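Residue numbers (the UniProt record's numbering), protein chains in the order written: chain A, 1 to 754; chain B, 1 to 754.
Glycine included, each C-beta is placed from N, C-alpha and C at the ideal position.
Only a predicted model underlies this, so the values are computations on that prediction, with no experimental measurement involved.
First comes the structure, then the notes that go with it.
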């Protein structure tokens, strides 16, 4: 599957940088062209290394660009920045995460020069970035190709390196950079070879020059190996960078390319998605999964997935609640090792969450809103700028979105439910869950006259309404996290009472069970009103009820932030994103289809989708209740967001461009959990599909417990094929509950239920 | 005592309109000149009649101006609006509330014409407004004086009359106006006579013309009687308006003037303030009391005193918490009948407070933030405009300043304590107090881990910080109101158990005593920290700590509102006004002098005094703890506010000019309760004075119970002289507790305590 854009579209430089990005979880590399510089937002963004330069926010660092190169033909530079190409194409071949570029220039002297490049972020060696650069001429021409580290780095809040040392190690050019805040070191190495064609390669002062007098119809092909090394996994990053370039060039381009295809193929097989009858949807889903996998930490549990993946530094490279709610499901079902890393990232950073709670005079664990590599909150109290006054605005993302701790517990619970891996509980998971419950107890207030616990002054999923009371999403998610804590207590008491005793002592929480139990019973859960609608928060229905068009008509300045403290949506019923609808899709077993539909229909026209976390959830719930037309419409908005670039680029004056992992993960959720109807249960799964009309068949694969399965759904039947493991799976469908044995394909006729 | 301004100061037109205003509680008349129109903010503002024209806020109405007149000399108009006077003086003689004006013009032909006017708002007949207009010429001149109703009324949110009918009744010109919203009628009558000098008076179509050929050195003196009648007390306002003019003219100018002086003299005698050694302070105090008395409802309990008195329509003519906290003390001690009216106004409007609480889903009585004549809240949810965007801002004055209900209870408690009049309890007072307690219960939340009731999401006295938790002022005032409720319960159970039973049944609050009792025990009262400072609200100490100058340096637009939602002070420690310091001065018996001083010194440099309610409280507490230099400095700021015009004229684009009754009442408080040390106790009073150095003697009068007393304080002794009644008064001073018998002067030597 290929994503292609034809013709040079200068105005889409920023967008294509995200759309065509590549990455391997260790780093991301934006989909920029080889001649680009910081002005075109070139970035090789690292995971795991963050820096606060003192010029703004703490954010992930970008390293020097090792792919920068220019081509001269008969002394004339061939660059889209200075010359319009006569043909141009940029593409992404999902098969191996190959970024492709093809440009044809006509030189002043009328020669036709074709440039073809291919690059990929190696999965085989995560430090490796490989590029092939080919030139073909229609007349003999003198070519000069130059490449060097571009150390003039694009940063949002940089520069982040207090020094950049360039030198040579083992005959390889290396630049070693050291961050300002924590003196973390990253190194980039470069090495080039001529793979085809006659030419002379010269290395001097870090610059590689290839000169060639190329005959008509001949190809000059250069391969450039760039290594990216960090001290997080390399003792001496600069030495490692050199060694990796040497190793890479020894194995050669073909080796790395084949390995790349093989490893991506494995990933795609784990997804196993096949949509018969709808190639467009198939592409959107695969592209979404591709983007998400590009940023996934297969190699570490010290970071999760940033809100813009590794497509740049936006949102401080921080991990939000999206990880648990939007991304975890795909990984838990298809790449459980990554899911474990993601959850371990939270568990290992419990200390930061305890510290944050204490900072606000609460007890227990209050997870960061914008979590970085150290488990501290990258979110500031002044997170936005008022575009009317230029003043920083006090925002409450950091201190009031307490649902984050419930989301983490939800993630742990989902992870355990799907993988059957309870070992995390004994490695900090149980402690995390209990500390989250303790946090909620300390945050709660008891309303005496009404005999209930309430959660006041919070911000829910919909960020346009800050500091509200009894947010439905928040309260229900807290309820789930309390119940999870009680399950865990029960589990530990049964499985390892000594450990449980020890734990309670360690965290000094002897009355945990009693306190959590009482609160779980008396927690206020807003119920549907007479119209079946759950009020998003106390007083929401009293806010101004208007159309989104009417709201837009009040905008007086472009990019106005619509949320708190004074945005246009604040005192209206307009939502930024799915909120009650999110709740109903996550905790689906607690609500009837009728309630789900009523809420969907109430909130949908009031949702502005000002967050990329929104459309996929509208699709998901619609799919789950069989509103397949609506679901399909929203699936395509979610699944195509990074293909079409139909998202907000600015909040006030804050640039928020990049890819959208939550929407990417959400797209998988809609496909598999929505249309495909896959839901994990305490024991086994349920598969209650609702396929869009044109999908004649949907297949997908998933892990559950120790088994792996392929599901195929048509209007007639559901076929469940065990692929791995000895697991005996209980499956509930529209027609009953079945057992799938390890070696037998199970076919379930669907009857009239479609 | 006279207030004088010499020379015509055009730029002070607005300010002098307030500074020189007159009034009698029935109406107020701004200190404008006779030739002025709406452009110079002429206003005759009524109490008791409010209107919402649909053009903005509900506000008191202004009636047509009956004093408008112009003078022509030899055909040339003599008006400060068109001609610079060669001499000019505007004055207020406090003796009788006489507004005086003297202007000398030199005509084109070189003649010197002197105009002298005097006007007053009659206390004898509250409907009456009387003016004397005299002209003297230095050469024979032809004069034409014209006067008519100026029906082109200055309104902030008007016009408020859907019709204005002009006509003649009993030979008197009358204009009858009917409001838009409630069809309330008010009428103004006019009648003029020549009192001195030769002239011809002609009445035609509502215009009165006096023509005179005046000889050199002679005086032409015209008296104009204007009547103001409302349907609140006149069955047919237009007929009453005519009758009053007739009656007035029959009795004649001298009669009304003498009565006026006599009645003001009585009022001043009730105050009895004499400051020997400081005429400036004496003047400031008397002027403050004058202004407050001008707006006081001696005649009715259907309104209290608006936040800008009767000096115009600002702040919607609404009654705020200032009434109880800042104004009531002077009335309770000096005009107890007015104090009863003020408290009755609240008690009678309990229904409005119950309704407001229900509107926000609370129980009990939530008194209006901006109370108008009907007990409904004139305050809107969008009370200010953002001057950067022109958009209305959601403000929380209305819904979060819950301390208003505690302030009302405080007022009732003070009133009863000072007057000994508990009869109000049986006329709605007890019900009001219990319903306020019920409101607080329903608003409170219980913090389980901390075993305490808290008050969340409130706004305290300092309005720059909205929506905060556990505001010290609020919590302590609620504590007082709960304890008052318990006292009242105890009192009723003892004095009239049947009534108490009945009352609980009527208001369906059988467990009142238990609920209020429990809450009073467990209510959270923020305690002084290690430095002895009480934190204004949860988290206040964490806010940015900067100087006021630094704050001001951040202002980018004149009249920026500094408060919520996004004003510059919001996330700083800068206060609008005395808050904790107010608490410490109101509930002084609960705190040591040391704590008071420490808090005063902490908060004083952080207080911007952006409210006229601030400086007097800083003066009061400073005086009470003997910081007399500071107290004096702040007394003069409070006492001279309306003399000097040193106050904010705008909040954003909202005009807030006028007189400042709270500061006026506060000035009395500082003088008598601060320097004079008078404090009401459960039984008797304490008098612990701290005189400023230059005050060699301070005297004042007060009622207590059924007695009236004069106190004189020197550095050597306190003399207490009973003036009225059979009361035996217990008096506590620095040196001990004494008994003052009805007929004996009590002299207490002060010892070394100064």
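Beta-carbon contacts of residue 400(A) that lie in its chain and below 7 Å, excluding the five residues immediately before and after: 457, 458, 459, 466 and 467
Beta-carbon proximity check, residue 27(A) vs residue 121(A), cutoff 9 Å: yes
Start and end residues, beta strand (DSSP E) containing residue 415(A): Element bounds for residue 415(A): not the beta strand (DSSP E) but the alpha helix (DSSP H), 403-419.
Whole-angstrom distance between residue 258(A) and residue 313(A), CA atom to CA atom: 31 Å
Close-in-space but distant-in-sequence residues of the same chain around residue 470(A) (CB under 7 Å, 5 per side omitted): 454, 455, 524, 526, 537 and 538
Residue(s) in a DSSP beta bridge with residue 694(B): According to DSSP, residue 694(B) bridges with nothing at all.
Residue 436(B) (DSSP reduced to helix, strand or coil): helix
Proximal chain B residues relative to residue 571(A), where beta-carbon distance stays under 9 Å: 381, 382 and 394
Pair within 9 Å by beta-carbon distance, residue 551(A) and residue 484(A): no
Which residues DSSP lists as bridging residue 333(A), in chain order: Bridge partners of residue 333(A): none, in fact.
Sub-9 Å separation of residue 612(B) and residue 571(B) beta-carbons: no
Closest Cα partner of residue 427(A) within the set 397(A), 350(A) and 493(A): 350(A)
Contact between the segment 308-325 of chain B and the segment 19-37 of chain B (3+ Cβ pairs under 8 Å): yes
Extent of the continuous alpha helix (DSSP H) run through residue 71(B): Where residue 71(B) is concerned, there is no enclosing alpha helix (DSSP H), although the beta strand (DSSP E) it sits in stretches over 69-73.
Under 9 Å by beta carbon: chain A residues contacting residue 446(B): 445, 446, 447 and 448
Same chain, Cβ closer than 7 Å to residue 760(A), five either side skipped, listed in chain order: Past the edges of chain A, shown from 1 to 754, lies residue 760(A), and the structure says nothing about it.
C-alpha gap between residue 724(A) and residue 558(A), whole angstroms: 54 Å
Contacting positions in the segment 635-652 of chain B - beta carbon closer than 8 Å to chain A: none
Outcome for residue 220(A) when other beta-carbon atoms lying within 10 angstroms are tallied against a minimum of 16: buried
For residue 595(A), the nearest candidate out of 607(A), 605(A), 580(A) and 35(A) (CA to CA): 580(A)
Residue 391(B) vs residue 381(B) beta-carbon contact at 9 Å: no
Nearest residue (CA-CA) to residue 719(A), options 436(A), 57(A), 748(A) and 703(A): 748(A)
Short CB-CB distance (under 9 Å) between residue 755(B) and chain A: The requested residue 755(B) does not occur in the structure, where chain B is confined to residues 1 to 754.
When 49(B), 658(B), 235(B) and 222(B) are compared against residue 160(B), the one with the closest alpha-carbon: 49(B)
Contact list for the segment 547-559 of chain A against chain B, Cβ threshold 7 Å: 556
Test: residue 292(A) CB closer than 9 Å to a CB of chain B: no
Contact under 9 Å by Cβ, residue 317(A) with residue 372(A): yes
Cβ-Cβ distance between residue 228(B) and residue 195(B) below 9 Å: no
Beta-carbon proximity of residue 237(B) to residue 151(B), cut-off 9 Å: no
Which listed residue (175(B), 583(B) and 74(B)) has its alpha carbon closest to that of residue 66(B): 175(B)
Among 638(A), 568(A), 601(A) and 610(A), nearest to residue 627(A) - alpha-carbon criterion: 601(A)
Cutoff 7 Å; reference residue 504(A); Cβ partners in own chain excluding five residues on either side: 510 and 512
Entirely enclosed beta strand (DSSP E) segments - the segment 110-157 of chain B, minimum 3 residues: 112-121, 128-137 and 141-147
Within chain A, partners of residue 442(B) - CB distance below 7 Å: 449
C-beta contact flag for residue 208(B) and residue 147(B) at 9 Å: yes
C-beta neighbour in chain B for residue 363(A), strict 9 Å: yes
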